[in-house]
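Protein chains in written order, with my numbering: chain F, 1 to 114; chain D, 115 to 226.
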Amino acid sequence: AQSVSQHNHHVILSEAASLELGCNYSYGGTVNLFWYVQYPGQHLQLLLKYFSGDPLVKGIKGFEAEFIKSKFSFNLRKPSVQWSDTAEYFCAVNAGGATNKLIFGTGTLLAVQP
Amino acid sequence: DTGVSQNPRHKITKRGQNVTFRCDPISEHNRLYWYRQTLGQGPEFLTYFQNEAQLEKSRLLSDRFSAERPKGSFSTLEIQRTEQGDSAMYLCASSSPGGLTYFGAGTRLSVL
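The following block contains the structure:
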């Protein structure tokens, strides 16, 4: 069965620090990969996605993620975080098929201190 | 707002009562999903509709849960004889074929 692991459950950073959140998935076939963000009191929003092509994808708000197929990883990065990046971040995989359902990791709660 | 809409936003109920949630997807999306999210976990897939047909149900969806999408537009999720373990955020999402999945704000259920 497909699964997604996010190893960092809580991350606390100061503003301007660099961010990297880990995401590993287990699935041997072709996958689509996503990072979603949930700001306090808001709904899940898509941050970025990887379907194919360039393994380094750029998303909104300066976020990027790199797909490394050999490591089954899709880590999220941002060179300099802001207080407004405080949120919960979820990695998700979609192995296609008829339903297109998403399998989520457990999430990483990021707190950025001003 | 033309996003995914869910009602109510919050529901408090007593154990044993029935509850029903509604989801209005993005109008041109024919795919609709229900997920459940508990504290400290990511969303977990419950069920999937393509138009009015319910095509997949997770084993998480016990017999007390039923979902419908009668006209291929809005959907309802009913939980009968609620239990404290049903307390969670219930998320609805929609997409078009091959398109991105958009989530609603969710309905937070508290079973006392």
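Glycine included, C-beta positions come from ideal geometry on N, C-alpha and C.
Residues of chain D with a Cβ closer than 9 angstroms to the Cβ of threonine 99 of chain F are, in chain order, Arg145, Tyr147, Phe159, Tyr162, Gln164, Leu169 and Glu170. At a beta-carbon threshold of 9 angstroms, the residues of chain F lying near serine 209 of chain D are Asn100, ordered along the chain. By the neighbour-count criterion, in which 16 or more other beta carbons inside 10 Å mark a residue as buried, arginine 123 of chain D falls on the exposed side. For phenylalanine 72 of chain F, the closest Cβ of chain D is not nearer than 7 angstroms. Within the same chain, and ignoring the five residues on either side of valine 81 of chain F in sequence, the residues whose Cβ sits closer than 8 angstroms to its Cβ are Leu13, Glu15, Ala16, Ala17, Ser18, Leu19, Leu110 and Val112. DSSP places serine 141 of chain D outside both helix and strand once states are collapsed to three, so it counts as coil. Short of 6 angstroms from the beta carbon of leucine 44 of chain F, and not among the five residues preceding or following it, lie these beta carbons of its own chain, in chain order: Tyr36 and Gln38. Approximately 6 angstroms separates the beta-carbon atoms of phenylalanine 74 of chain F and cysteine 91 of chain F; this is inside 8 angstroms, confirming the contact.
Within the region 125-136 of chain D, no residue has its Cβ closer than 9 angstroms to any Cβ of chain F. For phenylalanine 63 of chain F, the closest C-alpha among the options F:Gly28, F:Leu46 and F:Phe51 is that of F:Leu46. A Cβ-Cβ contact shorter than 7 angstroms links phenylalanine 135 of chain D with threonine 221 of chain D. CA-to-CA, the gap between serine 187 of chain D and lysine 125 of chain D works out to about 23 angstroms. Within the same chain, and ignoring the five residues on either side of phenylalanine 217 of chain D in sequence, the residues whose Cβ sits closer than 7 angstroms to its Cβ are Val118, Leu205 and Ala207. Cβ-Cβ separation between alanine 202 of chain D and serine 189 of chain D: approximately 17 angstroms, too far for a contact (criterion under 8 angstroms).
Within 7 angstroms of the CB of phenylalanine 217 of chain D, the CB atoms of chain F belong to His43 and Leu44, in sequence order along the chain.
When the five nearest sequence neighbours on each side are left out, the beta carbons in the same chain lying within less than 6 angstroms of the beta carbon of serine 26 of chain F are those of Ser3, in order along the chain. By the criterion of at least three beta-carbon pairs nearer than 8 angstroms, the region 166-176 of chain D is in contact with the region 92-101 of chain F.
For glycine 156 of chain D, a Cβ of chain F is located within less than 7 angstroms of the residue's own Cβ. A residue is called buried once 16 or more other Cβ atoms fall within 10 Å of its Cβ, and serine 209 of chain D is buried on that count.
The C-beta separation of leucine 174 of chain D from glutamate 158 of chain D comes to about 6 angstroms, placing the pair in contact by the 8 angstroms criterion.
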